[in-house]
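Novice: Protein chains in written order, with the numbering used here: chain A, 8 to 139; chain B, 8 to 139; chain C, 8 to 139; chain D, 8 to 139; chain E, 8 to 139; chain F, 8 to 139.
Protein chains: 6
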Amino acid sequence: MYSVGVREHVMIAHSFQGEVFGPAQKLHGATFIVDCEFRGPSLAEGNILVDIGRAGEALKAIAAEINYQNLDDLPMFAGINTTTEFLARHVLDRMRAAIKDGRLGPGGEGVTSLKVTLWESHVAWAAYEAEV
Amino acid sequence: MYSVGVREHVMIAHSFQGEVFGPAQKLHGATFIVDCEFRGPSLAEGNILVDIGRAGEALKAIAAEINYQNLDDLPMFAGINTTTEFLARHVLDRMRAAIKDGRLGPGGEGVTSLKVTLWESHVAWAAYEAEV
Amino acid sequence: MYSVGVREHVMIAHSFQGEVFGPAQKLHGATFIVDCEFRGPSLAEGNILVDIGRAGEALKAIAAEINYQNLDDLPMFAGINTTTEFLARHVLDRMRAAIKDGRLGPGGEGVTSLKVTLWESHVAWAAYEAEV
Amino acid sequence: MYSVGVREHVMIAHSFQGEVFGPAQKLHGATFIVDCEFRGPSLAEGNILVDIGRAGEALKAIAAEINYQNLDDLPMFAGINTTTEFLARHVLDRMRAAIKDGRLGPGGEGVTSLKVTLWESHVAWAAYEAEV
Amino acid sequence: MYSVGVREHVMIAHSFQGEVFGPAQKLHGATFIVDCEFRGPSLAEGNILVDIGRAGEALKAIAAEINYQNLDDLPMFAGINTTTEFLARHVLDRMRAAIKDGRLGPGGEGVTSLKVTLWESHVAWAAYEAEV
Amino acid sequence: MYSVGVREHVMIAHSFQGEVFGPAQKLHGATFIVDCEFRGPSLAEGNILVDIGRAGEALKAIAAEINYQNLDDLPMFAGINTTTEFLARHVLDRMRAAIKDGRLGPGGEGVTSLKVTLWESHVAWAAYEAEV
């Protein structure tokens, strides 16, 4: 199995509902380092799994949708706790859609699964992985 | 599959039995950066896999049991080579027990597997992963 | 010249005033990895520049004052752009005060200068250094 | 499942054939940080998965075959795009051969799979994993 | 003293003249992680040392001049050993020129010194610092 | 001012005398990532500050003197607290001697100062810098 990964980051504000979150119930924020990993069993022409340039642009476009935002104010996240786990899945779902839209180019169909990891600090992270 | 990870570290002394270890047969030591990853297929209420606060405290408590120790002197490790591989499994076994004791709180039952990685330096590491 | 450093982090929300900030004029957030470096020309008894345990606790206490906050709402930052540069100085000023209050213990008087670095992402940071 | 990893690096020149590569069609170069991970279900005598000393030497020897080279000039890569994905597989194939040659020593037969990750920068990487 | 830093990277080929370079006399290559640090004694309006957006664009433009190149073929480096030390100075000299051209905007005049660090691997780097 | 840096690591055991050290009074251990930085105002023939190959070998030789040791048992450290600060100076003093012995080769005389940083974990470090 091959994999290719690219890294981006976003700087957002948000707050959480639920006593379990303690002080994170207040409006605070995070820099998320976003790692998106593309996986597939074989390489396409030119010996690439995906066009890494297009992969990077696709991730940048997905990051731009939430970058410099207060996530509490985004309609798509209304009433939702935008935890690191949740956001990892959000980015993965958006990337899966980008692949299906052909935004990775002709090589995109070789990607069979994805993993998105969000580092919220140097000591904590969350990830989501799924089939394409 | 979701995952959530937290990082701790321990500073220990130990020695190894066996010619394969070369100079590491002598009493020496290590800082182990300890990464504990919790995995599960779905999120609990509030969009979390585990309460990351409790997860961090559980890992800190497990680390504290061996931190600032000469592992050669600990009864639980008597006659055992406390290699990085072995210690990764030790931490995982202790975390599995912590989960079964309910120390991760109500969300803990959603964790179906664990992975513990110990970095012994910037160029070497070992890990152990297993079902809960 | 000796130096000793400890690392903490904070997760905050804030916004900036001024066209130069572009999209960062909106309410957003950041994880700041906070590195505080203590410097001095000689070591105190026991071969330490500072008691690193106390240094870590002092930095944690300073971080706690702003952690999980919307900085726009803190009276001490009213009308102020809490840029990374500014916050580096803020942390340094607070640490200087902590040293003068004796919170680093008897070794604290050997610290002649400080440097505080805030990493806002894996690709951008700011720092402030000054005499104690 | 246990895993043990070691890190090396190589500094090479190469160029790519194919419009998808854009400016990377020109002769350029890369430092690849090479992480090789050995995996197996159980530990051998002494509580090790592999002799990490031998594992490191084996990886260094494999790296040395391509280090400080223009990969375009190596007969074994003639007419091949030496992408990061391809090189990850190349290193894995060479390590599999090294294991079969007994270069990891008696513990080597416990390794059931390998993963090789090549970091081409702080924001992009590729990997290949396979059974031994 | 304040400082602000931004990170880029380049992927280049080159070779060195001189026996001291051993195998690096052959055509090989490197990924250089390029850190550019801007320093100044005070903050401009808005509490910034420099417009970090413009600083990042300026560094990206300087990196683009050498990115994906065989440095041996660039007229500006004819007959020159483009060592890591040399390239650190090259980037700094180009950034100094960019500042003098006003490419950092109105805040640029507050920058009194620069430091450029190039990481050639995870275990080796070089830097150059100088007044503006 | 130019600088060139190389990285090594050591894995040692030791204990500290003095109540200030709390649990670190017991025999424990550490992996120290050792960064040695060479500085000088100008480059020698070939555009290098030092022969980085020789610099790396010199640092490796200095590290080997203490690697895999219980520092409490080394005669040269008898009755001494081998704190991170102290060890940073120890490594620097040894490197200064290596330079004076000509072990960096003909370029060594261009090095005017040194900085040695020891990372004891991902969240704590110490350094010592001095003239050659």
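Every residue gets a Cβ at the ideal spot worked out from N, C-alpha and C, and that includes glycine.
Could you have a look at aspartate 42 of chain F and say whether DSSP puts it in helix, strand or coil?
Specialist: strand
Novice: Just by C-beta distance, which residues in the segment 51-72 of chain C are closer than 8 Å to chain F?
Specialist: Going along the segment 51-72 of chain C in chain order, one finds Glu52, Gly53, Asn54, Ile55, Leu56, Asp58, Ile59, Gly60, Gly63 with a Cβ nearer than 8 Å to chain F.
Novice: Taking phenylalanine 23 of chain F as the reference, which of F:Glu116, F:Glu136, F:Asp80, F:Ala105 has the closest Cα?
Specialist: F:Asp80
Novice: Per the DSSP calculation, threonine 124 of chain B is bridged to which residue(s)?
Specialist: DSSP, once it has assigned bridges, lists B:Asp42, B:Ala134 as partnering threonine 124 of chain B.
Novice: Listed in chain order, which residues of the segment 35-52 of chain E have Cβ atoms closer than 7 Å to some Cβ of chain D?
Specialist: His35, Gly36, Ala37, Thr38, Ile40
Novice: For alanine 142 of chain B, which residues from the same chain have a beta carbon less than 6 Å from its beta carbon, with the 5 sequence-adjacent residues on both sides left out?
Specialist: One cannot answer for residue 142 of chain B here, as it falls past the ends of chain B, which runs 8 to 139.
Novice: Give a yes or no on whether the minimum CB-CB distance between arginine 103 of chain F and chain B is below 9 Å.
Specialist: When Cβ-Cβ separations below 9 Å define contact, arginine 103 of chain F makes no contact with chain B.
Novice: Mind pulling the beta strand (DSSP E) runs of 3 or more residues that sit fully within the segment 70-128 of chain E?
Specialist: Positions of the beta strand (DSSP E) runs, each at least 3 residues long and wholly inside the segment 70-128 of chain E, are given as 120-128 in order along the chain.
Novice: Going by DSSP in three states, glutamate 15 of chain F sits in which element: helix, strand or coil?
Specialist: strand
Novice: Quick one: is serine 10 of chain D buried, meaning 16 or more other Cβ sit within 10 Å of its Cβ, or exposed?
Specialist: buried
Novice: Just to confirm before moving on: does the CB-CB distance between glycine 53 of chain F and threonine 90 of chain E stay below 9 Å?
Specialist: yes
Novice: Here's the rule: buried if 16 or more other CB atoms are within 10 angstroms of the residue's CB, otherwise exposed. What is glutamate 26 of chain D?
Specialist: exposed
Novice: Quick test of the definition: if touching needs 3 or more C-beta pairs under 8 Å, does the segment 44-58 of chain C touch the segment 120-138 of chain B?
Specialist: no
Novice: Rounded to whole angstroms, what's the CA-CA distance from tryptophan 132 of chain A to alanine 85 of chain E? Just pull it up for me.
Specialist: 47 Å
Novice: If contacts are defined as beta-carbon pairs under 8 Å, then valine 123 of chain C and alanine 134 of chain C qualify, I think. What distance do you get, rounded to the angstrom?
Specialist: 6 Å
Novice: Under 9 Å between beta-carbons, which chain F residues line up against tyrosine 135 of chain C? List them in chain order, please.
Specialist: By Cβ distance, chain F contributes nothing, its closest Cβ being about 18 Å from tyrosine 135 of chain C, past 9 Å.
Novice: Taking the alpha-carbon positions, what's the histidine 97 of chain F to valine 139 of chain C distance?
Specialist: Looking at the two C-alpha atoms, the distance is approximately 26 Å.
Novice: Who are serine 22 of chain A's beta bridge partners in DSSP?
Specialist: Its beta-bridge partners do not exist; DSSP assigns none.
Novice: Look at the alpha carbon of glutamine 76 of chain B and the alpha carbon of histidine 21 of chain F, and state the distance between them as a whole number of angstroms.
Specialist: 11 Å
Novice: Does the CB of alanine 31 of chain F have a neighbour CB from chain B at under 9 Å?
Specialist: yes
Novice: So which residues on chain F does glutamine 24 of chain B lean against when the C-beta distance must stay under 7 Å?
Specialist: Under the 7 Å cutoff, chain F gives no residues; its nearest Cβ is about 15 Å from glutamine 24 of chain B.
Novice: Given lysine 33 of chain A, which residues of its chain have a CB within under 7 Å of its CB, disregarding the five upstream and five downstream residues?
Specialist: Ser22
Novice: Tell me the DSSP secondary structure of glycine 53 of chain D in three-state form.
Specialist: coil
Novice: From D:Met83, D:Leu121, D:Glu136, D:Gly114, pick the residue whose C-alpha is nearest to that of asparagine 61 of chain D; which is it?
Specialist: Per the sequence presented here, residue 61 of chain D reads as arginine, with asparagine not at that position. Residue D:Gly114 is the option with its Cα nearest to arginine 61 of chain D.
Novice: Could you list which residues in chain E have their beta carbon closer than 8 Å to that of tyrosine 9 of chain F, in chain order?
Specialist: Going along chain E in sequence order, the residues near tyrosine 9 of chain F (Cβ under 8 Å) are Glu92, Ala95, Arg96, Ala133, Ala134, Tyr135.
Novice: Could you tell me whether the Cβ atoms of methionine 102 of chain B and alanine 65 of chain B are closer together than 9 Å?
Specialist: With contacts defined by Cβ atoms closer than 9 Å, methionine 102 of chain B and alanine 65 of chain B form a contacting pair.
Novice: What residues match up with alanine 37 of chain F in a beta bridge as DSSP calls it?
Specialist: F:Ile19
Novice: Hey, how far is the Cα of isoleucine 106 of chain E from the Cα of leucine 99 of chain E?
Specialist: 10 Å
Novice: Is it true that the CB of cysteine 43 of chain C sits closer than 9 Å to the CB of leucine 111 of chain C?
Specialist: no
Novice: Could you check whether the Cβ of arginine 110 of chain F sits closer than 9 Å to any Cβ belonging to chain E?
Specialist: no
Novice: Does glutamate 15 of chain B get closer than 9 Å to chain A when you measure Cβ to Cβ?
Specialist: yes
Novice: If you measure from the beta carbon of isoleucine 87 of chain F to each beta carbon in chain C, is any gap under 9 Å?
Specialist: yes
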